[in-house]
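Report on the following structure.
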């Protein structure tokens, strides 16, 4: 099963009140000024290939928008191993690593220098200047190393809270961020021209474990935000001369109540790709037949994952450049009760 999934959107049909997502021992909120301890800070930004974090955006202009961040691969530069981070707010893609001082640094691929993003080992009241390249990012400082925060993914204690001040931009820039040990970024608040915008963690997959609140959810994930028929997959592969998109659909029941779904055939799911005009350019089941045999799916609790490669074709022709949406759903008799969608781009098409 592939571990590289970049973008995710969630449609939740039942949510049980949040209990604890990932907790550490509760300590005093008024922590004294303390010396740097890099080993205790290095897990505020877990780095494993396949780690991913999904957020819901809350604010006047956010709607139900979701964003995801992923560690997609490792890369060697000058004998040093970096991790490729994709989807980071305002930055997009970067090569990052945690150094021995508990600092997260990013490689400037033009100069070969490392730029400081986060000083996770910094004591309370310590500050630094983030070198992210975002001109609207002000001075960063640690305000709490034992914060408690509630997110859709659960309640977290012992978190690191960072505030930013002195942004040169009046209507843009990050205000605060909160990181949990062993989990990563929980919450991020930004200033926008339309008011505050907050990223709230809904789900994380870190080091092979899943962090999310109890409940019932249906989600869709794809392996990257954009595709090009010119470079992906390699044209030297005779079996895949046009790009394909890896799609993962997940129905997850992490509640104490059992779930049983009935299907009119062994077909559990379907999906379609639509262009910017809303026209269907691909329908997964269009060339498939399924026997009329009633099939049950029981989750009590548990999850079921469906993965499929979708050729980015309209008939036999590669999709032209543009914006598309892939939607997936469970084919229960009641209709698209369990459904989710996510956009993607096709670039370089003819």
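In the numbering used here, the protein residues as written are 304 to 653. Just so you know, even glycine gets a beta-carbon here, dropped at the ideal spot from N, CA and C. Just so it is clear, the structure is predicted and the values come from calculations on it, not from any experiment.
Mapping the DSSP letters down to three states, classify residue i as helix, strand or coil.
i           : result
residue 589 : helix
residue 581 : coil
residue 347 : coil
residue 546 : coil
residue 421 : strand
residue 428 : coil
residue 496 : coil
residue 654 : The structure shown does not extend to residue 654, since the chain spans only 304 to 653, so no value can be given for it.
residue 354 : coil
residue 651 : coil
residue 552 : strand
residue 605 : strand
residue 513 : strand
residue 473 : coil
residue 339 : Unreliable placement is indicated for residue 339, whose pLDDT of 45 sits below 50; the coordinate value is still reported in the next sentence. Looking at residue 339 - three-state DSSP - the assignment turns out to be coil, as it is neither helix nor strand.
residue 371 : strand
residue 378 : strand
residue 595 : coil
residue 437 : coil
Determine the closest residue to residue i out of the options, with distance taken between C-alpha atoms.
i           : options               : result
residue 648 : 616, 624 and 631      : 624
residue 359 : 455, 451 and 353      : 455
residue 416 : 438, 385, 395 and 440 : 385
residue 583 : 549, 437 and 616      : 616
residue 590 : 475, 618 and 380      : 618
residue 447 : 464, 650 and 373      : 464
residue 425 : 466, 411, 435 and 522 : 466
residue 548 : 421, 432 and 629      : 629
residue 427 : 450, 634 and 493      : 450
residue 502 : 491, 512, 509 and 510 : 491
residue 444 : 468, 452, 484 and 612 : 468
residue 438 : 389, 393 and 413      : 393
residue 481 : 650, 498 and 453      : 453
residue 413 : 421, 498 and 398      : 398
residue 379 : 357, 391, 368 and 410 : 410
residue 568 : 552, 595, 585 and 391 : 595
residue 377 : 440, 497 and 389      : 389
residue 353 : 373, 369 and 580      : 373
Would residue i pass as a contact of residue j if the rule is Cβ separation under 8 Å?
i           : j           : result
residue 387 : residue 371 : no
residue 572 : residue 598 : no
residue 643 : residue 606 : no
residue 627 : residue 576 : yes
residue 662 : residue 351 : Outside the modelled stretch of the chain, which goes from 304 to 653, sits residue 662, for which no answer is possible.
residue 604 : residue 563 : no
residue 488 : residue 504 : yes
residue 507 : residue 355 : yes
residue 495 : residue 475 : yes
residue 611 : residue 587 : yes
residue 516 : residue 457 : yes
residue 459 : residue 486 : yes
residue 408 : residue 391 : no
residue 498 : residue 362 : yes
residue 585 : residue 550 : no
Just grab the DSSP bridge partners of residue i for me.
i           : result
residue 503 : 359 and 490
residue 397 : 388
residue 642 : 632
residue 408 : 400 and 419
residue 468 : 442
residue 622 : Residue 622 pairs with nothing; no bridge assigned.
residue 480 : 465 and 491
residue 454 : 457
residue 573 : 632
residue 614 : 547
residue 301 : This structure cannot settle anything about residue 301, because the visible part of the chain is limited to 304 through 653.
residue 529 : 648
Under a Cβ-count criterion, where at least 16 other Cβ atoms within 10 Å of its own Cβ denotes burial, should residue i be classed as buried or exposed?
i           : result
residue 471 : exposed
residue 524 : buried
residue 400 : buried
residue 641 : buried
residue 560 : exposed
residue 527 : buried
residue 592 : exposed
residue 520 : buried
residue 513 : exposed
residue 403 : exposed
residue 522 : buried
residue 509 : buried
residue 546 : buried
residue 406 : buried
residue 636 : exposed
residue 601 : exposed
residue 511 : exposed
residue 432 : exposed
residue 441 : buried
residue 368 : exposed
Using a threshold of 7 Å, is the CB atom of residue i nearer than that to any non-hydrogen atom of the ligand GTP?
i           : result
residue 452 : Within the structure as shown, the ligand GTP is missing, as the structure has no ligands at all.
Using beta carbons (cut-off 8 Å, strictly below), is residue i in contact with chain C?
i           : result
residue 502 : Of the protein chains in this structure there is only one, and it is not chain C.
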